[in-house]
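**Q**
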Amino acid sequence: MSWMEQINPATAVWRGVEAYAAERMAELTTVCTTVRSSDTEIRAAQAAIQELQALLALPGRIALQAQQRGTTDRSKGY
Numbered sequence: 000m001s002w003m004e005q006i007n008p009a010t011a012v013w014r015g016v017e018a019y020a021a022e023r024m025a026e027l028t029t030v031c032t033t034v035r036s037s038d039t040e041i042r043a044a045q046a047a048i049q050e051l052q053a054l055l056a057l058p059g060r061i062a063l064q065a066q067q068r069g070t071t072d073r074s075k076g077y
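See below:
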């Protein structure tokens, strides 16, 4: 079973992942908006936020890929 098949947004585990990501993004946003943060810290926080956003987008991405596979016209053969 691939990792994509194991992601289920209807589960409590995924809701926990979403809650963690939201909490972590709030912390990282604070780093980005604090005047004492260095450019390096801000860039690292921005990169981490992008990674968390990508993680949260996985269920939609997986659903879209499944939909695209399901709508592929296979009646013409390969």
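Counting along the sequence shown from 1, when you hit position 46 you're at 45 in numbering that gives the first Met the number 0, and nothing is skipped either side. No residue lacks a Cβ here, since even glycine has one placed at the ideal position from N, Cα and C. Just so we're clear, the structure is a prediction, and the values are computed from it rather than from any experiment.
Measuring CA to CA, which of A44, L27, G59 and A25 is closest to I6?
**A** When only C-alpha atoms are compared, the closest one is G59.
**Q** So is A9 in contact with chain D if we call contact Cβ pairs under 8 Å?
**A** Among the protein chains of the structure shown there is no chain D, as only one such chain exists.
**Q** Which word fits A18, buried or exposed, when buried means at least 16 other C-beta atoms lie within 10 angstroms of its C-beta?
**A** By the 10 Å Cβ count, A18 comes out exposed.
**Q** Leaving out the 5 sequence neighbours to the left and right, which residues in its chain are closer than 6 Å to A62 when beta-carbon positions are compared?
**A** Nothing listed; no residue qualifies.
**Q** Does R35 come out as helix, strand or coil in the three-state DSSP assignment?
**A** Coil.
**Q** Report yes or no: do three or more beta-carbon pairs, one from the stretch 13-32 and one from the stretch 47-56, lie closer than 8 Å?
**A** As far as the Cβ criterion goes, the stretch 13-32 touches the stretch 47-56, which means the pair count is three or higher.
**Q** Using CA atoms only, rank isn't needed, just tell me which of L27, L54 and S1 is closest to G15.
**A** Ranking the options by Cα distance to G15, first place goes to L54.
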